[in-house]
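Chemist: This is the structure, below, for whatever I ask next.
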Amino acid sequence: NGTLTINPAPLTVTADSFVRLYGDANPTFTGAITGVKNGDNITATFGTVADPTSPVGTYPIVPVLIDPTGKLGNYTVTSNNGALLINPAPLSVAAADASRVYGDPNPVFSGTINGIKNSDNITATYASIADPASPVGLYPIVPTLIDPAGKLGNYLVTPINGTLTITPAPLTVQANDATRAVGAPDPVFTGTITGIKNSDSITATYSTTAT
Numbered sequence: 042n043g044t045l046t047i048n049p050a051p052l053t054v055t056a057d058s059f060v061r062l063y064g065d066a067n068p069t070f071t072g073a074i075t076g077v078k079n080g081d082n083i084t085a086t087f088g089t090v091a092d093p094t095s096p097v098g099t100y101p102i103v104p105v106l107i108d109p110t111g112k113l114g115n116y117t118v119t120s121n122n123g124a125l126l127i128n129p130a131p132l133s134v135a136a137a138d139a140s141r142v143y144g145d146p147n148p149v150f151s152g153t154i155n156g157i158k159n160s161d162n163i164t165a166t167y168a169s170i171a172d173p174a175s176p177v178g179l180y181p182i183v184p185t186l187i188d189p190a191g192k193l194g195n196y197l198v199t200p201i202n203g204t205l206t207i208t209p210a211p212l213t214v215q216a217n218d219a220t221r222a223v224g225a226p227d228p229v230f231t232g233t234i235t236g237i238k239n240s241d242s243i244t245a246t247y248s249t250t251a252t
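So the mapping is simple: the working numbering equals the position in the sequence shown, first residue as 1, plus 41.
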């Protein structure tokens with residue numbers, strides 16, 4: 042007799058590649074198997090170590106063959122990993138607008154952060170270069186993110202300034218009443234100014250058309 046040697050058939054399993062944002066759930070991974078013979082019941086699952094908390098980066102998607110009828114010994118298997126690319130998630134921080142009167146201290150600034158994933162401990166402070174001596178006008182309110190756990194590398198950040206509007210302060214100048222006799226010279230007129238801020242050097246003179 043001669044001998045018929047049956048060699049293993051080549052079988053290739055290849056995982057597809059996927060892209061998702063940081064903080065999102067993994068998509069349903071897929072892939073392909075080529076080379077299955079005789080309708081053998083060989084299938085595959087595809088998985089990765091990455092989860093929603095995994096930082097931005099590239100992770101392998103690994104195929105695992107399932108062979109309930111023990112047919113894999115008839116194959117020479119080539120396994121090709123896919124790649125899961127995790128991109129930064131969008132995050133915006135917006136300072137709220139505020140207003141105050143000239144000479145007053147700044148109010149407590151506030152704002153909002155949108156896009157935080159995984160309950161990451163990211164907060165913000167909001168500040169302006171304006172102080173009580175700043176003149177009437179518009180000033181930016183600038184947000185600054187605080188990231189004690191080092192998570193900001195997983196985000197694409199869009200900062201949005203607010204606007205601080207400084208309005209004129211009310212100021213009143215009041216002349217005091219006075220009397221004199223006909224033909225007498227005018228007395229020295231006096232009065233009061235109320236509402237001066239920042240010790241601004243504003244004074245007043247008081248006069249009349251009477252002679």
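Just so it is clear, CB atoms sit at the ideal spot from N, CA and C, and this is done for glycine as well.
Cα-Cα, which of Ile102, Val229 and Thr185 is closest to phenylalanine 70?
Modeler: Your numbering for residue 70 matches position 29 in the sequence shown. For phenylalanine 70, the nearest C-alpha among the options comes from Ile102.
Chemist: Quick one: using the 10 Å Cβ neighbour count with 16 as the cut-off for buried, is proline 146 buried or exposed?
Modeler: For this step, residue 146 is matched to residue 105 along the sequence shown. When all chains shown are included, proline 146 counts as exposed.
Chemist: Taking the C-alpha atoms as reference points, what is the distance between tyrosine 63 and isoleucine 170?
Modeler: Taking the sequence shown and counting its residues from 1, the one referred to as residue 63 is at position 22. Taking the sequence shown and counting its residues from 1, the one referred to as residue 170 is at position 129. Between the alpha carbons of tyrosine 63 and isoleucine 170 lies a gap of roughly 34 Å.
Chemist: Straight-line CA distance for alanine 85 to arginine 61?
Modeler: In the sequence shown, counting from the first residue as 1, residue 85 sits at position 44. In the sequence shown, counting from the first residue as 1, residue 61 sits at position 20. Rounded to whole angstroms, alanine 85 to arginine 61 spans 22 Å at the Cα level.
Chemist: Give the single residue among Asn121, Ile127, Ser160 and Tyr116 whose Cα lies nearest to the Cα of serine 95.
Modeler: Sequence index remark: in the sequence shown, residue 95 carries index 54 (1-based). Serine 95 has its Cα closest to that of Ile127, out of Asn121, Ile127, Ser160 and Tyr116.
Chemist: Thinking C-beta only, is threonine 55 closer than 8 Å to glycine 72?
Modeler: As a working mapping, residue 72 is identified with position 31 in the sequence shown. As a working mapping, residue 55 is identified with position 14 in the sequence shown. Closer than 8 Å, so yes.
Chemist: Which whole-angstrom value is the C-beta distance of alanine 190 and aspartate 161, which I expect to be below 8 Å?
Modeler: Indexing the sequence shown from 1 puts residue 190 at position 149. Indexing the sequence shown from 1 puts residue 161 at position 120. Alanine 190 to aspartate 161, Cβ: 7 Å. Contact.
Chemist: Per the DSSP calculation, alanine 85 is bridged to which residue(s)?
Modeler: By 1-based counting over the sequence shown, the position of residue 85 is 44. For alanine 85, which the question treats as bridged, DSSP gives the partners Leu106.
Chemist: Compare the C-alpha of valine 223 against each of Val214, Ala251 and Ala165 and name the closest.
Modeler: For this step, residue 223 is matched to residue 182 along the sequence shown. Looking only at Val214, Ala251 and Ala165, the smallest Cα-Cα distance to valine 223 is reached by Ala251.
Chemist: Are the beta-carbon atoms of threonine 208 and valine 142 separated by less than 8 Å?
Modeler: Working through the sequence shown from its first residue, we reach residue 208 at position 167. Working through the sequence shown from its first residue, we reach residue 142 at position 101. Closer than 8 Å, so yes.
Chemist: Is DSSP giving leucine 205 helix, strand or coil here?
Modeler: Numbered from 1 along the sequence shown, position 164 holds the residue referred to as residue 205. Reduced to three states, the DSSP call for leucine 205 is strand.
Chemist: Could you tell me whether the Cβ atoms of alanine 136 and glycine 152 are closer together than 8 Å?
Modeler: Within the sequence shown, residue 136 is the residue found at index 95, counting from 1. Within the sequence shown, residue 152 is the residue found at index 111, counting from 1. Yes. Within cutoff.
Chemist: Could you tell me the alpha carbon to alpha carbon distance between threonine 244 and glutamine 215, rounded to whole angstroms?
Modeler: The sequence position of residue 244 within the sequence shown is 203, counting from 1. The sequence position of residue 215 within the sequence shown is 174, counting from 1. Approximately 12 Å between the Cα atoms of the pair.
Chemist: Asparagine 128 bridges to which residues according to DSSP?
Modeler: Taking the first residue of the sequence shown as 1, we reach residue 128 at position 87. Partner(s): Leu62.
Chemist: With burial defined as no fewer than 16 other Cβ atoms inside 10 Å of the residue's Cβ, what is the status of asparagine 239: buried or exposed?
Modeler: Within the sequence shown, residue 239 is the residue found at index 198, counting from 1. Counting Cβ neighbours within 10 Å, asparagine 239 comes out exposed, since fewer than 16 surround it.
Chemist: Grouping DSSP H, G and I as helix and E and B as strand, with all else coil, what is asparagine 195?
Modeler: Locating residue 195 in the sequence shown gives position 154, counting from the first residue. Asparagine 195: helix per DSSP, three-state reduction.
Chemist: If you follow the beta strand (DSSP E) that valine 118 is part of, which residue opens it and which one closes it?
Modeler: In the sequence shown, the residue the question calls residue 118 occupies position 77. That run of the beta strand (DSSP E) goes 116 to 121.
Chemist: Given asparagine 195, which residues of its chain have a CB within under 7 Å of its CB, disregarding the five upstream and five downstream residues?
Modeler: Counting from 1 along the sequence shown, the entry for residue 195 is found at position 154. Contacts found: Tyr63, Pro96, Val97, Pro129 and Ala130.
Chemist: Smallest Cα separation from threonine 249: which of Ser242, Pro200, Asp227 and Leu125?
Modeler: On the sequence shown, position 208 is the one that residue 249 refers to. Nearest option by C-alpha distance: Asp227.
Chemist: Can you tell me whether glycine 203 is buried or exposed, with buried defined as 16 or more other CB within 10 angstroms of its CB?
Modeler: Here residue 203 corresponds to residue number 162 of the sequence shown, with the count starting at 1. By the 10 Å Cβ count, glycine 203 comes out buried.
Chemist: Under three-state DSSP, which class holds leucine 113?
Modeler: Counting from 1 along the sequence shown, the entry for residue 113 is found at position 72. Helix at leucine 113.
Chemist: Could you give the uninterrupted runs of the beta strand (DSSP E) lying entirely in the stretch 143 to 176, keeping only those of 3 residues or more?
Modeler: 152 to 155 and 164 to 168
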